Structures are given as C-alpha cells and as structure tokens.
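These protein sequence lines map, in sequence, to chains Z, V, L and P.
Note that the numbering used here gives residue 540 to position 531 of the first sequence, counting from 1, and the numbers run on in steps of one.
Note that the numbering used here gives residue 125 to position 13 of the second sequence, counting from 1, and the numbers run on in steps of one.
Note that the numbering used here gives residue 54 to position 17 of the third sequence, counting from 1, and the numbers run on in steps of one.
Note that the numbering used here gives residue 358 to position 321 of the fourth sequence, counting from 1, and the numbers run on in steps of one.
What follows is a set of notes on a single structure, which appears directly below.
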Amino acid sequence: MALPEDDPATASAEAVAEAPLVEAPADTVAGEVVLRLTDLVKTFPGVRALDGVQLEVRAGEVHCLLGQNGAGKSTLIKVLAGVHQPDSGQVEWRGEPATFANPQAAMKAGIATIYQELDLVEDLSVAENAFLGHEYRSFGFVRRGRMARHTRQILSRLGHGEIPPGRMVRSLPAAGKQIVSMARALSHEARLIIMDEPSAVLAHDEVGNLFRIIRELTAQGIAVIYISHRLEEIREIGDRVTVLKDGRTTAANLPARDTPTRDLVSRMTGRTIEYVFPDRPTDDSAGADLLQVEGLTRTGEFADVSLNVRAGEIVGIAGLVGSGRSELLETIYGARLPEAGTVQMDGKVLRPGVGAAVRAGMGMAPEERKSQALLLGEPIYRNVTLATFGRYARLGFTNAAKERAEADRIAETLELRPRDVDRPVRTLSGGNQQKVVVGRWLLGGTKLLLLDEPTRGVDVGARAELYQVIRALAAQGVGVLLVSSEVPEVLGLADRVLVMREGRVVREAAAGELDENTVLDLVMAGSLMEGAPA
Amino acid sequence: TSNETPAASTQTKAAGNSEGNNAPGKKVVIGFSAPAADHGWMGAIHANAKAQAAAYSDVEFKEVDGGSNSEAQRSTLGTLIAQKPDIIVVLPHDGKEVNAVALQAMQAGIPIVNLDRAFPDALASRLVIKGDNYGMGVSAGHYIGKMLKDKGVANPVIGEIAGLEIPLTVERSEGFKAALATYGFTVKNRRSAEFTSDSGQREASQLLQALPKIDAIWNHDDDQGIGVLAAIKQANRSEFFMVGGAGSKLAIDAIKADNTVLKATVTYNPSMASSAVSLARLIAQGRGLGDLTELQVPKEVTLASETITKENASSYDKLGF
Amino acid sequence: MSDATPTPTATPERPQLPAQSPPVDPAETAVAGNKAGSGGKLSWWRGDGGDGAKRNLGLIGVLAALIVVGAITKPDLYGDPNWVWNNVLAILQLASVVGVVTVGMTFVIIGGGIDLSVGAIVALAGVWCTTVATQSYGAGGMIFAALAVGICVGLVNGVLISYGRLVPFIATLAMLVAARGLAASISNKQTQVSSSTFINDIAARKVIGIPILVYILGAVVLAGWVVLNRTTFGRRTIAVGGNPEAARLAGINVRRHTMLLYALSGLCCGIAAIMLTSQATSAQAAMANLYELDAIAAAIIGGTLLSGGRGTIVGSLLGVIIFATITNLFAINGLSIEAQNMVKGGIIVAAVLVQQFQFKSVTRLLARNRVTTAT
Amino acid sequence: MSDATPTPTATPERPQLPAQSPPVDPAETAVAGNKAGSGGKLSWWRGDGGDGAKRNLGLIGVLAALIVVGAITKPDLYGDPNWVWNNVLAILQLASVVGVVTVGMTFVIIGGGIDLSVGAIVALAGVWCTTVATQSYGAGGMIFAALAVGICVGLVNGVLISYGRLVPFIATLAMLVAARGLAASISNKQTQVSSSTFINDIAARKVIGIPILVYILGAVVLAGWVVLNRTTFGRRTIAVGGNPEAARLAGINVRRHTMLLYALSGLCCGIAAIMLTSQATSAQAAMANLYELDAIAAAIIGGTLLSGGRGTIVGSLLGVIIFATITNLFAINGLSIEAQNMVKGGIIVAAVLVQQFQFKSVTRLLARNRVTTAT
Ligand SMILES: Nc1ncnc2c1ncn2[C@@H]1O[C@H](COP(=O)(O)OP(=O)(O)OP(=O)(O)O)[C@@H](O)[C@H]1O
Ligand SMILES: Nc1ncnc2c1ncn2[C@@H]1O[C@H](COP(=O)(O)OP(=O)(O)OP(=O)(O)O)[C@@H](O)[C@H]1O
Ligand SMILES: [Mg+2]
Ligand SMILES: [Mg+2]
C-alpha cells in the first residue's frame, strides 16, 4: 500500500491566523456541479451546528470534507440525506432547488449515504440490510433469491464475495458491518454517495478496496463526498477539499493533492499542530513489570499470547482487523474468561472479572464507544467519571462538584467541544464522544491503561493532545497497552511494538527497529498465507 | 383449607340427623369445580364441599381447580369430564360462559349440580342450588329503608360498596335499588371493591371522602367489610350505620358486640356447597330427599337471604364462615 | 519482558519469524484451520445458524419434560392412546385463543412495542359482536363486527403511539381500561349469550378429528410466520424494532409501520374474540382477563426480545403450548390452586433454565465439533 | 463554541497531567468562570435531570388540571377548605402504599429490569406477618417478618435474574404466581385479621394533622431520591440500566447490583405490606392485586424509561399521585365503574399529551431564546 507522502507529523509550528474563506479555482475537476449548498444553517438546542455552510460538489469528483470534531460534518451530511431539516439556506440539487423532507426523498433523488454510526439491523441478514427500505419484492413478498444475487454481486465488487448474503449481520465484526453499510449505499442507483468516516473501522487493505470502488464510481460520473480525519487518505483519493470550522466553511474547493498540510490543519483548527508524536524519553526510564500475561488463549480469537508491560512504558499492538487484539485486551481486562493462561498485575495473578482488574489499577477504553462505553443519555461529566465516581464519593455519597471539576479538566485537555460537561453525551459529535471514552481513564488512579483504538474518529488536533497526555501519563509511571489499526500511530507512540496476526504475536521489537512497511508486510503476510493450503 | 379448619367449624350437616339419607349407599365419585378460592366466601365454599364429602363414607371427592377465569374452568372441567365421575358439582365463574361444557357433560350422561351461578340453559344441569343475589340486595334495601324511615330521615344519603363487577354483583345492586325505591330512597354513591379487605378499605375511604355526611351504607361482602370498617374507623366517622353481606363470623360477632357501625348483615350462605354435595350424592345414588315425598331430588333450590341483626345473631353462630 | 517463560513468538531473540513459515504447532493449526474452515480469505463471523431454531429445540425439550411428568404422575391416563390424543387436542384448544393473540403480540414486541390492551380488545370485540343488534345480522355480521372492532381499536392504539408519541405501555394501558369500560357499558355488565349456531359450532365442531379452533390457530400461526419471514412487512418489522433509527435512515416510514403493527395485533384480537365467544357461547366485559400477561409471557418464553428486534412465531407458539400444557398437567393431577401456583412458578423458572442450558450446551458442542473437524 | 483564540493546551510545554495535577491553575479557573457563564447560557439539561424537572412540571400541570375539574364538578365540596385539606390527605393516603412500591419499582426499571411480582410480594409479606404465629411476637415481630419476607423474595428474584440469567419479565412473573400461591397456602385462603393495635394505628393515626402513612411515603420517597441522585448506588443503577456493557467495562459489578435492585424493590414491598395491612387491618393472599401494573404505569407516566437508564423518583411520585387523584375524582363524582374506566383511559392519554406538549414547547422556547442570544 502506498504511503502518504505528506505526513501530518511534519506540520510546522508556525501559528496561522484565521484566514478568510478561500476558494480555489476548480480547474482540476471537469464535471458539472451536481450539488450546491449556500448559507446552510442548522441549530440544535444550545448549539449552532451549521452556521452558513457553502459547498459545491461536481459529478465524478471525490469531494472531501475536513474539520475538527464537532465542526458539523455529520450534521451537514444528515441535512443532505434528509435526516435533519436545515433552518435556513439553499440546497441546489442538479441545478434545481431541493428540500429533502425525509431520508426517502433524498434516496429517491439519488443521494446515498454511509453514516458515521453503523446503521444496520443486527437481526436481519446481510442482503436484507443492504436492501432495507427498497427490497426486491412482488406482492409484498421479498424476492430473496434476487436480492441475494445482487448483494453477492455488490459484495464481490467490494472485494468481499466471501460474505454470505444470508448471514445475520449480528455475527459480523465491526469491519464486516462497515462493508455491509457500503453495500447498502451501492445498492441504490445514486448520483451522489456520501461517506462519513467510512475508514474509521477499516484496516489498510480494506481502505485500498474502498478506494478502488470509489474510483470506479467516480469514473461513472458519480460524485462522492468523503469525510475522514486521516489526511493521507484525503490526499490519495480526494479531488477537492472543503474545510469546515465551527459550522462555517473556512475554505472551499482546495486541491486535495497539493494543498500543504499546514494550510489544511490551520484552516481546520485555527492554529498549527506542533508535531504529532511526543518524544520518547531518551533513557530507558521504564520501571518494573506492571502487567505480565502468560500463554493467554481463547479458541478462535487468539492463542498462547504472552506479553508484559512495564511501568511507564507504552506498548503498542499492531495487526489487521480481526487479528484478535480487541479480544486480547478484553481478556486481559477480565471482561472475557481465558481458556488458558494467566494475567498478573504487580506480580499477583488477577482473579477473573473486570472488578478485580479495576481494583488492581487497570482501565480500558473499549473499541466500540456506543455499545461498550457510553451512557448516551447521561451528562458528559457522569460519563467521564463512570469508572471513578466511587473515588470521589464519601460514605457512598457522590460528590458531583468534584466530578464536574475533574471532567471539566479532561474536557479542556482533550478539547472537547462544546465544553459544557452537563450536556448529554448523545448530542456530541462522534469524535467528541470518543474523547469522553478515553478521557474516562485519564483521571487519576489508573496504573495500567488498555486503549483499544483510542483515536478512532478523533481529529488531528485532538489527536496530538491525546498523544501528549498518554506520553505524560507514561512519564508518571503509568503503563499503557495500545491497540490501533493505524500503524504509524503504533510506531510513533509506542516504545515497544507487538505485531499480531491470526491471534498470535508474530513479532515483538522496540518501536525504533520497525518501520511501517515491515509491519504491514508482517501483517499482510498473514492474510496471504491463509489462502495457501496449510 | 381442609388441613387446618376442623370439620366442625365448616358448615356441614352432621351425619345422622335424617337417618334415611345418611345411610351409606353405593360408592359414588363426585367431581367438584369452583373458582379459585381467593377470599373468605369462596374459601368457605371449597371447605364446606370438601368437608361434607368427607362426612360420607361412600363418596369419593374429586376436586379440580376452577382457575381464575371461565376459560381455565372450562378446560379443567373438560379433563374432569374425561375422567367420568358419577356427578359433578360446578360453581361456574359465570354460568353463561361455562354452559356449553356443562351441557356436554349432561349429554355424556354425567349429571351436573349447578351451584350458585345458574346456567342459562335448563338442560345444562340436573339440579340448581343457589343463593338469591337479587334477594340479598332486597333484604339489605329493606333493612336500611325501614331503619331510616323509622328514624324519620327525609332525604337520606345512602352509600353502597359493591363487589367485583360481575353479573351477580349487578343483580345484588339491582335488588338493593329496587327495595330502596319502595321507600323513595336512592343510592347516592356506589363504589366497587374486589371482595378483598384492602380493596374494601380503598373504596370505602374514597366513598367517605365523597360523602361528608352519610346515613347508611350497604357493603356487599363481609370479607371486604373488614377493610370497609377499618376505613370508617380511620376516617373517624360514625354518623351512619352499615349493613354487610354474606354473613361471616367476624361480621356476626361485630353485630352482636354492637360496637361498630355494622348493625346487620344479609346472608348469602356458603353452606349451599355442603347441601350441593349432599344432594349430588343422593342424585348419583338415585335416591330422594328423606323429608320430601318425591322419589327424586328436586330440580331447583334457592336459598333465602336472611337478615342477621343483633337480636337474632346468636342463632346464626353456626352458619358464620 | 517475560523472560521467565520465553514463548517462541514473543521473545526478542527470535524476532524475525519469517512471515513465510508460520510455526506449525497443533494449536496454531487449530486456530488457523478454524478460520479457514469457513472458507474465504476472512472468516469473520461466528456461527449464527438458527439461533432461534436452537432456542425452539430447548422449548420442545421443556414440552417433552412436561409430558414425561404427566405420564409419571398419571400413568393410567397416559396409558390410553385415545385419551392422550384427546388430551393433545384439549391442550391445543386451550392454547388456541391465547395463541392467536400471541401471534399479534409477537409482531408488536418485535417491532419494539408492547400491547397491554389485547385482553380488553378481545372482550370489547366479543361483547360488540354479541349484542342483540349485531346478532341480528347473523354470523357474518358478528364476525365482521369482531374483526372491525379489533382493527379499529388497534389502529387507535397505533395512532396514539406512533403519531401521538405516547409510550406504548401507557397508551395500551389506557386502552385496556377504556375498552373494558366500554365493553361493560355496552353489555350492561351482563353476559351476552351468542345464539348463532354457526359461531357456537366453531368451538364445538371437529374436521377430520381435529377441532376447528386448532385449524384457526394453525392458519394464523402460518400466516404470521409467512408475513414475518417472507414479506417486506415482516422484515421491516424487525428493522423497526431492532434499530428504529436505522430503519428511518433506510427510508422506512417507521410511524406508519408501527401503527400497522398495532392494527395487526387488533386484528388478531378480533379473531380471538370470535373464537372465545364461540367457546363460551357468550361474551362479557371481563372475558379474556389478563390475556396480555399470558401473551407477553408466551412470546418472551418463546425467545422474543422484550426490547424488540428479535423473535419467532414458532417460539411464541411453543410458549403458548407450554403454558397450556402446564395448566392441563395441573388439571389432570387435580392440584389445589395454591399448590398449583407455587409449582407453576417453579416450572416457569425451570423451563427457562432448561432452555438456556440446552441452548448453550448445544452451541458449545457445535463449536467443539467445528474445531475437531477443522483439525 | 466559537473560541477562535488558539487554546493554550496545544503546546507541549503545558502540563496536561490529569492524574497528579488537580491544582487550580488560572486556566482552570477560567474554565470554571466560563462554565458559570454558560449557566446563563440556558443549557436546560443541566443539573440532576433538569430534563426530568421539565417533565415533572408537566405532571404538576396535569395534577392542577385534575383539581380544577374536581372543583368545577363539585363546587360545594371544593368550597370547604377543611374538606379540601382532608381530601388532599385522603389522596395522599390512597397513594401511599402504591407510592412506596413505585419507589422500588422505579429503581428496578431504571436499572434495566422490571418487577411484576411486587403485588404478590406485598400479599405474601402481609399474609406472613399476620399469621397467628407471627402476631404472637407483637408488632415488632410483624414488621420484621414483613420486611424480611420482602427482602428475601426480592433477593430470590435478583438471584434468578442476575445469576440465573432469566429475563426479568419471566422471572418475576413466575415469582408473582408462586408468591401468591404461597400466600394462599399460608393464609388458608382466609382473610387474616391483624390484632396488633400498633400496626392498625399506623393507618388510623395522624401526627400534627398528617396521617402517619403519608410520613412513611414521604420518608421512602426522600430516601429514594437521595439514594438515586446522591449516592454511588444510584449512579450505578443508572449506569447498569443505561448501558450494562459499559457499566461492566467500567468495573461495576452489574450482576450484584442487579440483584440488590430487586432486593430493594422487595424491601419497599415489605414496607408497603405493613402499610396495607394496617389500612385494611387484615391481610389476604389476593391483596395488592395488580399493584405491579399501577406501579409500572406510575413510574412510566413519571418519565421513567421502560428500557432503563433514566427516571426520577419525584416523577414516579407524581405519577402515583395523579392516578390516586383520578380515582378520588371519580369517587367524588360517583361515576359508575364503566364510565369511570372509559374516562380514565382518556385522562391517561390526555395527561401524557399535555405533559409532552408542555415539555416540547418549553424546550422550543428555550431553544429560540438561546439562538437569539447567540446571534
Ligand atoms: N442531536 C443533536 N443535538 C444537539 N446537538 C447536536 C446533535 N447532533 C450534533 N450536535 C452538535 O452539533 C455539532 C456538530 O456535530 P457533528 O456530528 O456534525 O460533528 P462532526 O463534524 O461530524 O464531528 P466528528 O468529526 O466528531 O464526527 C456538535 O457540536 C454536536 O455537539
Ligand atoms: N462479532 C463477531 N462474531 C464472530 N467472530 C468475531 C466477531 N468479532 C470478532 N470475531 C473474531 O474474533 C477475532 C478477533 O476479531 P477482532 O475484530 O476483535 O480483532 P481486532 O484485532 O481487535 O480487530 P479490530 O481492529 O476490529 O479491533 C477474529 O478472529 C474474528 O473471527
Ligand atoms: Mg461526524
Ligand atoms: Mg478490535
């Protein structure tokens, strides 16, 4: 896989004043304008999510939307998809003013959407999910054969012909679900396909697949709006970029390939990012073994994994989606029972169960924020202190003021926006929700942090903050075990890296000894091997 | 209930006072089905039937649960019929709803003794023995009417605490209304409880709240009356008198003691279950009633609803349940 | 580092495990084989095959256990095949009315709602179709009245819930109270006898040895199964209950669909009203008491998720039959109601435990099997 | 929101060491000040369920409407302040028993469960504490028996649900059946009269003009409010009900907590049993009939989410009081039961609609306000 040339890590330190709206001439893209938004405004109670957005999308282009967490990207596309109604502003669709009163109307008009949050029905099959709402049918009966055939066709196009259309979606892992989401978008006869962070749960090879499809689509003159926080992806697939900040368009139609990263970043954040990864300590400051895992096994997930984490050390685990990293973390954390092997904290074998792990000083930020981590209806501060409210309590009585103060500090550190910690988490943007999940364990008292995809959907700026915090915690003697599908993140942040494949650790080395290509080779070799006869 | 209540305390007819009928005959199996006993009166029905059957050496008593609604009762009756007893005593949840099953049994040659709540179809039973719900309301109405007339109350405020709103309750209320009407009186406020003491308390407390001044109350059921009396005491009210229903021991005692507002109760006696079993045995054995000239048990027996007051209370001691 | 027990893959001394030659130890092949076993380049999924089917197997096990208990306690009766056959029919007849209601309830619950008013709707429809006025139109009029009342009341429920945004629990509870009140006022709190022999014969007649009521139950269950599993309406019901937001985003008119679900439940209640009226040859305002509880319990025992999105018609049917069998068992044994209730509570708990046990062990067995086959 | 000023936190020199540095530095105070400012910014969800508070306002509106209806229909009675005060007390007394049960139920529902057995537990506890044997220990023994029975039965529920993994609906339904059966067998299906004047006086006595029952209700509600809003137990309850998986991964012992919730509900039932026994000066197996429905309905009307994770004690209390007021209104007007039921259904629907209307319009108003301030 090609690596992006222009790494965000090289962005300069120079602060950039907020620039007025710039609009680059659209010489790079030839197609006619299919979608034009002018002065779009959308408010939620207490928040102006869109505050005069301009956007112009041409047929056959990949138009990227950039913006910090909470900038209004998802809100914008939900307006386009007919989910939200704008308060004011014009939507011009294929030359004519349009309003999409509901998702159906948008679909009819030829706009298909892959939403940021998975929108699948767990107890329906892959085919039924792909065609939900526009099933093949006659006299009310579902034409299952036809639907299955068409679904298989779409899935093969997506490079996943092996997923049976009749399979219940419940049994697919997150990446598989993402593919079904994409299949749904492709099942429509769409003129415009909107993708809201489709790559967040995809691994490298899947992203390659996705890009191939996007190129096919654009070659047919279909327009694509692509949202991602990974700048390298935007450079690879995008044609033009529109940048949102605080619900306003701060730059429109920048050429995706040539615009300097520091320009993009500064338009998104109003400042530049110093550097992405904090320096590793020069001396080997790591202390004694904190966590020792011996021969941990769960059939079908991972086998015979042994590893250790020392105090003050950051250990990263790289691997493909489905290589069993999440399960490993959950097992270490006591959320799953191992079939064999032991987990020791500070030299003591842990009893099974999350409670014992937490008491021993572990904390885990799980992979799926909505299902595993958040109380969506509860205020932010209560989510931040979900694991620790007991520490602030006296005689069983909670201390809300203290909790708020602590949560406020986390909110500030992680640039949560809006920063009102009494706001229900439900109303936060995806990336900000993720910050809440990670922030929970940054509160004091944790000795070992298990982080599963901590930066999923988090914007460039906040990501830098998060790295700083993690490094700072390590400097204080906290051990960190980090799982990430983004290889540069693992390599850049961790002191030591384990590479996992098919549930086994295939390589362990100091981060400095590995480079991205080596890791990718190790990881990919696995998937090549699987095809070969054992 | 059989295990604790000694047979003497249930209203059975002691074997041996009408010799002819008590002489052992051929062995018979008597089936029995009545709604689940969830309050005193129904409990007494079950207890009486069982105790009366036990008093006969020639009777095998087969009780199936009547469940909590007609449907359950139909179903269990079906299984009872399949076991072919000699005769079945049925107290239906509602005569009309169980009619079809009873008819089926009669057609299959199993006589049915219909206890208390009548089947609409005359062919559905061999014998009907029942209380008089309408008459009960009439008795209560007359007692209250007469008392108030005697006191010279011109425009009395009369309250009524009915039972669960099933047809028999409606009948009672109609009788009550009709009897009061003969005095020119009407019911000012009527609440329905559920034959339980807590529901009696609940409804009575609201009735008392609705009527700041009352002259008389009729409460349909003495079991729920425990709660009604409690509510009256809790509200500190005593300007009226009350008439009960059914005739429980507690009520009779209270009437005798005359220290509450309860001055009378009109009977609706669960002793009918004992009589039903006795008569069922005779029918199954093909015998008649000793004191009657006829060779067979008659087709219908309706109990009179009597009024128990302080004056006659002691003679009802035996029948209180 | 875990130098104490150097695992081959993790020690830095053996770093360059060549990607081309993965260590072939037995455990490894087990894992890899397991993965490759389901074919393709990524076998991402766990077996999901017949989750519902397995659960139903558990229910059939429970049913079998109940029958065995019956045979042990009453060997004389169970010795007679004729009696046994009749008993089966009796159980099915007992199950028929609640069964029909449960089919509708299953749809509502799968669709993310609940319908507490089913018993009341049955009563209202029953009472309505047995008024003197309705009966004067003959059996056809009565059937029409019952179905129309059922559908209309269901529609009112549906409108209140989907367009009035009332919580289903509250809306249908209000309907329960109101419909029973209306039924009482129509019937004047009297039991209304049905004089239509056509109606009364439905419960009394058999065709080829099987009661008509059982055929009706069968037809409703079959129709329910087909609608749930083979039509867009059914599949969308699962979507609406399992993930209403996703359903909305997919362009499904969630509100209209929700409304129709309650109408469907009302229709089932209308059918049940005819059946029950026929059984009782009469109707009254208090009939079908607490059917809501029976139907919900049957659906849940049958594997329907109370929070919506999952459930099977066959499971619900088995749930109803299990409850009917328990009632029948008690009747045969002549248990007193209090003993019966105590035992019943225990049986329900045991049934669910048995079913869960079954389910889990079967899964584990299959999983183990898979591993063995793969190696 | 539009803080164009570059935030100082981005520079690496700044210590973001949340673990060890809770000191109050200037930035922190700035944020705090900012927050204070945002108080004026009208974030209406602020605080312990400000959301709930709005909803409760709606409920109070409904209550007011009911009282107005009462005053219109019975001006003579409402003209007498003495009577009105007595009537308020009567309503509160009527609400007291169900109110106590509802507090427990609210906890269970917020915790993601449901307890159908509350009525049965009240009956069992009531019957148990009025047996001749228990009464021989005097009032203390009776109270102890009722509470112990309540807690034990609740614990059994809890164990079945959390460790036996039974669906709460089914487990507590089984308990409902079993506990009523046991109560019937203990009481011999008779009404057991309480001869303890201490117990009977609880319902009969007033202190400073207010019935003791009302004090008990107040105490239970207050305790419930404190536990739910101010203790770790309450926080865990919300977490367990809102997202059990998240709660588990946050280190909360979800199973134990679930078990305790049912025990708490059982305890409330025990208290309610004493109150109800005292009111009726007796107990029987059929008492507290359908309290489960009343309690669940009150909790839901009060804003508790049936799917768990959200609810308020005050809302539940208002729900109970509304239902009691409706009953009282009917009694005062002497409505027939069928009219009563029909009207009641309508009132429930109207109440919820009124409440929702209130709620939405207030929100919208605030939102509009907010936008104006912002621009
Ligand atoms: N339903 C809602 N109610 C209230 N506020 C909302 C709601 N949905 C979004 N918002 C607010 O609108 C703003 C924009 O959110 P949006 O989801 O569009 O951000 P985003 O650009 O997609 O961010 P991310 O990169 O994190 O996904 C945020 O401040 C968010 O809190
Ligand atoms: N929902 C699921 N159903 C069945 N098997 C699953 C499921 N999720 C994961 N697995 C299995 O568990 C193993 C590990 O998957 P998992 O997705 O947790 O790995 P991962 O390395 O954490 O990847 P990710 O980047 O998605 O977190 C895989 O072998 C996969 O087959
Ligand atoms: Mg977003
Ligand atoms: Mg993972």
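Here a beta-carbon is modelled for each residue, glycine too, at the ideal position from N, C-alpha and C.
Keep in mind the model is a prediction, meaning the values are calculated, not measured.
- Between residue 303 of chain V and residue 273 of chain V, the C-beta gap is smaller than 7 Å, which places the two residues in contact.
- Note on residue 484 of chain Z: under 16 other CB atoms within 10 angstroms of its CB, so exposed under the neighbour-count rule.
- With fewer than 16 other Cβ atoms inside 10 Å of its own Cβ, residue 232 of chain L counts as exposed.
- For residue 241 of chain Z, the closest of Z:259, Z:274, Z:146, Z:226 by C-alpha to C-alpha distance is Z:274.
- Around residue 318 of chain L, the beta-carbon contacts reaching into chain V at under 7 Å are 211, 212.
- With respect to the 7 Å criterion, residue 62 of chain Z and residue 85 of chain Z are classified as neighbours on the basis of their beta carbons.
- For the stretch 336–351 of chain L, the residues whose beta carbon sits under 7 Å from a beta carbon of chain P are, in order, 337, 338, 343, 344.
- Between ligand 1 and the CB of residue 300 of chain V, the shortest heavy atom gap is not smaller than 6 Å.
- If the five residues before and after residue 474 of chain Z are omitted, its C-beta is found closer than 8 Å to the C-beta atoms of 422, 423, 424, all from its own chain and listed in chain order.
- Counting along the chain, residue 373 of chain Z sits inside the beta strand (DSSP E) bounded by residues 371–374.
- Annotation for residue 284 of chain P: 276, 277, 291 place their beta carbon closer than 6 Å to its own, counting only its chain and skipping 5 residues before and after.
- Just so you know, the alpha carbons of residue 143 of chain L and residue 356 of chain L end up roughly 11 Å apart.
- Residue environment analysis places residue 203 of chain Z among the buried positions, since at least 16 neighbouring C-beta atoms fall within 10 angstroms of its C-beta.
- Take the alpha-carbon of residue 499 of chain Z and the one of residue 217 of chain Z: they are about 20 Å apart.
- The stretch 193–225 of chain V is shown to contain whole beta strand (DSSP E) runs of 3 or more residues at 199–202, in chain order.
- Separation of residue 238 of chain Z and residue 226 of chain Z (C-alpha to C-alpha, rounded to the nearest whole angstrom) is 22 Å.
- Distance from the Cα of residue 316 of chain P is smallest, within the candidate group V:162, V:164, V:317, V:266, for V:317.
- Taking a Cβ-Cβ threshold of 9 Å, none of the residues of chain L is close to residue 324 of chain P; the smallest such distance is about 15 Å.
- Three or more Cβ pairs closer than 8 Å define a contact, and the stretch 298–311 of chain L meets that threshold against the stretch 190–199 of chain L.
- The beta strand (DSSP E) runs lying completely inside the stretch 337–386 of chain Z and spanning 3 residues or more are 349–354, 371–374, given in chain order.
- The residue from V:188, V:346, V:428 with its alpha-carbon nearest to that of residue 383 of chain V is V:428.
- At the C-beta level, residue 378 of chain P and residue 218 of chain L come within 7 Å of one another.
- Around the beta carbon of residue 381 of chain Z, 16 or more other beta carbons sit within 10 angstroms, so the residue counts as buried.
- Within the stretch 257–287 of chain L, contact with chain Z at the beta-carbon level (separation under 8 Å) is assigned to 267, 268, 269, 270, 272, 273, 275, 276, 279, 280, 282, 283, 284, 285, 286, 287.
- In the three-state reduction of the DSSP assignment, residue 238 of chain P falls in the helix class, which pools H, G and I.
- DSSP places residue 450 of chain Z outside both helix and strand once states are collapsed to three, so it counts as coil.
- Collapsing the DSSP output to three states places residue 313 of chain Z in a strand.
- Within chain V, the residues whose beta carbon sits less than 9 Å from that of residue 221 of chain L are 277, listed in sequence order.
- Residue V:216 holds the alpha-carbon nearest to the alpha-carbon of residue 238 of chain L among V:154, V:216, V:174.
- Cβ neighbours of residue 222 of chain Z within its own chain (closer than 7 Å, five residues either side excluded): 166, 167.
- For residue 125 of chain Z, the CB falls within less than 6 Å of some heavy atom of ligand 3.
- Residues of chain L with a Cβ closer than 9 Å to the Cβ of residue 282 of chain V are, in chain order, 225, 226, 227.
- The beta carbon of residue 351 of chain Z lies closer than 7 Å to those of 303, 358 in the same chain, with the five residues before and after it left out.
- Looking at the backbone, the Cα of residue 432 of chain V and that of residue 228 of chain P are separated by about 14 Å.
- Taking C-alpha positions only, residue 240 of chain L is separated from residue 407 of chain V by approximately 38 Å.
- Ligand 3 approaches residue 438 of chain Z closely enough that one of its heavy atoms is under 6 Å from the residue's Cβ.
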